[in-house]
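J.: Take the sequence shown: its letters are residues 49 to 558, numbered as in this note's numbering.
One structure is given below, represented as C-alpha cells, and several questions about it will come after.
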Amino acid sequence: MAPAATPATTESSRPRGGNAFALDRALLYDLADIALTAARRSGASYADVRLGETRREYAFAKDDRLENFDERASQGFGVRVLLDGCWGFYGARRLDPQSLRDGVERALENARAVKRIQFQPIALERLPAHEAEWIMPMGVDPLEVSVGEKTDLLLSIIASARDHGADFCSASLSATCEERFFANSLGSRIHQTRTRVAPNFQATAIDRASGRFATRDCLAPARGAGWDYVVGAGLIEEAAQAGEEARAKLGAKPVTPGDCDVVIDPTNLWLTIHETVGHSTELDRALGWEANFAGTSFVKPHMLNELQFGSELMTIVADRAQPGALATIGYDDDGAPAEAADFAIVEKGVFRNFQMALGQAHLIGLSHSNGCAYADSPTTFPIQRMPNISLKPNPRKCSFNDLINTVENGIYVVGAGSWSIDQQRDNFQFGGQLFYEIKNGRLGDLLRDGAYQGRTTQFWNSLSGLCDASAYHLDGTFTCGKAEPVQLAPVSHGSPPALFRNVRVLNTSD
Numbered sequence: 049m050a051p052a053a054t055p056a057t058t059e060s061s062r063p064r065g066g067n068a069f070a071l072d073r074a075l076l077y078d079l080a081d082i083a084l085t086a087a088r089r090s091g092a093s094y095a096d097v098r099l100g101e102t103r104r105e106y107a108f109a110k111d112d113r114l115e116n117f118d119e120r121a122s123q124g125f126g127v128r129v130l131l132d133g134c135w136g137f138y139g140a141r142r143l144d145p146q147s148l149r150d151g152v153e154r155a156l157e158n159a160r161a162v163k164r165i166q167f168q169p170i171a172l173e174r175l176p177a178h179e180a181e182w183i184m185p186m187g188v189d190p191l192e193v194s195v196g197e198k199t200d201l202l203l204s205i206i207a208s209a210r211d212h213g214a215d216f217c218s219a220s221l222s223a224t225c226e227e228r229f230f231a232n233s234l235g236s237r238i239h240q241t242r243t244r245v246a247p248n249f250q251a252t253a254i255d256r257a258s259g260r261f262a263t264r265d266c267l268a269p270a271r272g273a274g275w276d277y278v279v280g281a282g283l284i285e286e287a288a289q290a291g292e293e294a295r296a297k298l299g300a301k302p303v304t305p306g307d308c309d310v311v312i313d314p315t316n317l318w319l320t321i322h323e324t325v326g327h328s329t330e331l332d333r334a335l336g337w338e339a340n341f342a343g344t345s346f347v348k349p350h351m352l353n354e355l356q357f358g359s360e361l362m363t364i365v366a367d368r369a370q371p372g373a374l375a376t377i378g379y380d381d382d383g384a385p386a387e388a389a390d391f392a393i394v395e396k397g398v399f400r401n402f403q404m405a406l407g408q409a410h411l412i413g414l415s416h417s418n419g420c421a422y423a424d425s426p427t428t429f430p431i432q433r434m435p436n437i438s439l440k441p442n443p444r445k446c447s448f449n450d451l452i453n454t455v456e457n458g459i460y461v462v463g464a465g466s467w468s469i470d471q472q473r474d475n476f477q478f479g480g481q482l483f484y485e486i487k488n489g490r491l492g493d494l495l496r497d498g499a500y501q502g503r504t505t506q507f508w509n510s511l512s513g514l515c516d517a518s519a520y521h522l523d524g525t526f527t528c529g530k531a532e533p534v535q536l537a538p539v540s541h542g543s544p545p546a547l548f549r550n551v552r553v554l555n556t557s558d
C-alpha cells in the first residue's frame, strides 16, 4: 500500500553558534530529484534518499604524550525504494548524478530479489511531507579546535590524575558532525546537522606489593554539544578525584555478597535502562529480526498494555527533544518529526509502546510508527534505533538524602562498569565504578569488587524509591551497536537516583 501525503509544512531552527551546513544545497536537491524521479518512473510506490557527509575526529593520549590523532570525512548517499511491498536499498560513497541513477537501479534489483522470500508485504502509514532545516544549537565547533589545544587538555587530565594517586592514566576525545539531507517521493525535503562529543579518561592505581590494581573511569557523559561542553565539564578536577578514588579502592573492603537494597546513581542506571528497557522494547527485536547480532526480546506484541514491567514509580519515556541529548534531532531518518518520538514506553509500571521505524507498525496491528529510525551513515539502511529513553523523576519531593534515609542495609552504585545480559534482555549483571556501603540510613565506606544481577521485570518491580527532578542527570553512549553489518548509534538516557529493594549483589573477586 502506497502512503498518502499531506500538505508540506515548512519549519526552521536557526543555529546559535557553529554547526553550519557545509554541503552545496542546490547539488543536494538536484541529486535527490534525480533519484526520486528515476524510482517513480520505474514503478516504486515510495522512495526516499539520504545524502550527506560525516566528519569524525579521535584523539588519544597516554601518560605524557599524544599517541593517536585520527580525523576523517566521508560523503555518500543511500536510496530506498518500496516495490511491490518489498524494500530495496543501495548506498555508495559518492555524490554525483550517475551514481544516484545507478543506485536506484541497484535498489530496485534488491527489492525484486527480496520479493522471492518476503512472507508479508511492507505497508506504510499516511505520511506528512516536511520542508525543513534543523541545526543543533551549539557553541564552538569541536572539529575547528586545534590539535594542540585538545592535546593540552588531555595531558592536563592525565597529569591531574597522576598527581592525585593514579600510577597511570589515559584520556581521549571523540567528536562527530553529521550533515544529512533527506528527501522522499511525497515531497519531504529536510536538511539537518548535529555534532556530538565524548570526553573520556581512565585512572589506574597499582598496589605494587600485591600486584592488584584498581581503575576509575570518567563520569562525564557524551553529549550532543560542542567544544564549550568539553571545556566546561570539569575534567581536570574530576581526574584528580578519580586518581584519589582509584587509590582508595585498593584499600577498600570487598562487597559482601547477598540480597540487599541498592541505590543506583544515574551514572550507572543509564546503562541498565539502555540494556533492559531500551533494547527489550525495540519492535524489530520482538519480531525476531535482530536475532543474529545481539538476540531478540522477552517482550512480545501481545504484552502491550498488559505486561507489568515495573512498579508504579517506573515511567520510561522516549523523546528527541532533550537539550544536549545524543538522539535529539529535528527529524528521524524516516523523515518523522521529533514529536513523533514523544511517547511513554512504560507508564506507571505498565508496558505501553514499542519503538518502531517506518513500515513496522502494521505488523502488530498499529496505525503508525513513532520516529525511531536512524542510519549511522547515508550509505546504510535506516533501521529502528532508540531515541532518548529516560526514567521520569519522582513527581513528589525526594532528595538523595531522603532516599538514603530509607535504607537500613545496602549499597550505593556510581558509574557504569562491566555488564552482561542474555539474548532475551532478561537475565543481567552490571558492575560499576564506585560502591559505597549504606548502613542505618547513612552513606558509609567505599567498597570494591561489586556487581548486581537480576531479571528485568523482577528488578524493575523492586523499584521502591526515586529522587525528584532536582537530581535528574543525563548520560548515554556514542556507540550502541546493532544490526549486521553493525551500525553504531548515539543515544542518551536520563534518570534520577533510584532505590531497588532486595537485589542480588555479587563480590566479583570471589
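By construction, the Cβ of each residue, glycine as well, lies at the ideal position given by its N, Cα and C atoms.
Within the continuous alpha helix (DSSP H) that includes Ser147, where are the two ends?
T.: Looking at the DSSP string, the run of the alpha helix (DSSP H) that includes Ser147 is 145 to 163.
J.: Could you give the DSSP three-state label for Gly358: helix, strand or coil?
T.: In this structure, Gly358 counts as coil in the three-state DSSP scheme.
J.: Looking at Leu494 and the ligand MN, is the gap between the Cβ and the nearest heavy atom below 6 Å?
T.: Judged by which ligands are present, the structure shown has none, so any question about the ligand MN falls away.
J.: Apart from the five residues just before and just after Gln477, which ones in its own chain have a Cβ nearer than 6 Å to its Cβ?
T.: Contacts found: Ser468, Ala499, Gln501.
J.: Going by alpha carbons, who is nearest to Ile284 out of Gly299, Asn248, Ala373, Pro302?
T.: When only C-alpha atoms are compared, the closest one is Asn248.
J.: Given a cut-off of 7 Å on the beta-carbon distance, is the pair Phe402 and Thr329 in contact?
T.: For Phe402 and Thr329, yes; Cβs fall inside 7 Å.
J.: Just checking, does the segment 124 to 143 make contact with the segment 428 to 436 on the three C-beta pairs under 8 Å criterion?
T.: Contact between the segment 124 to 143 and the segment 428 to 436 is present, because at least three Cβ pairs lie under 8 Å.
J.: Leaving aside the five residues before and after Glu323 along the sequence, list all residues of the same chain whose C-beta is less than 6 Å from its C-beta, in chain order.
T.: Here the set comprises Ile469.
J.: Would you mind giving the Cβ-Cβ distance between Ala517 and Pro441, rounded to the nearest angstrom? I have them listed as a contact below 8 Å.
T.: That belief holds up - the Cβ atoms of Ala517 and Pro441 are roughly 4 Å apart, short of 8 Å.
J.: May I ask which residues mark the beginning and end of the alpha helix (DSSP H) holding Leu283?
T.: Its alpha helix (DSSP H) spans residues 283 to 299.
J.: Looking at the secondary structure, which residues open and close the beta strand (DSSP E) in which Arg210 lies?
T.: From DSSP, Arg210 is part of no beta strand (DSSP E) but of the alpha helix (DSSP H) over 195 to 211.
J.: So if DSSP puts Val129 in a beta bridge, which residue, or which two residues, is it bridged to?
T.: Partner(s): Ala95, Gly136.
J.: Run the CB neighbour count on Thr54, radius 10 Å, all protein chains shown included, and call it buried at 16 or more, exposed below.
T.: For Thr54, the predicted structure reports a pLDDT of 39, less than 50, and the residue's modelled location is therefore unreliable. The matter cannot be settled from this model.
J.: Return the CA-CA distance between Ala339 and Arg433, expressed in angstroms with no decimal places.
T.: If you take the alpha carbons of Ala339 and Arg433, they lie about 15 Å apart.
J.: Would you call the segment 197 to 212 in contact with the segment 276 to 293, where contact means no fewer than 3 C-beta pairs closer than 8 Å?
T.: Touching, per the Cβ criterion.
J.: Would a C-beta distance cut-off of 7 Å place Glu179 and Arg242 closer than the cut-off?
T.: No.
J.: What's the gap between the Cα of Ile165 and the Cα of Leu411?
T.: Cα to Cα, Ile165 sits roughly 17 Å from Leu411.
J.: Can you give me the start and stop residues for the alpha helix (DSSP H) that Arg89 sits inside?
T.: Per DSSP, Arg89 belongs to the alpha helix (DSSP H) from 73 to 89.
J.: Run through DSSP, which three-state label would Ala546 get?
T.: Here Ala546 sits in strand by DSSP.
J.: Nearest CA to the CA of Leu234: which residue from Ala177, Arg141, Ser510?
T.: Measuring from the Cα of Leu234, the nearest candidate turns out to be Ala177.
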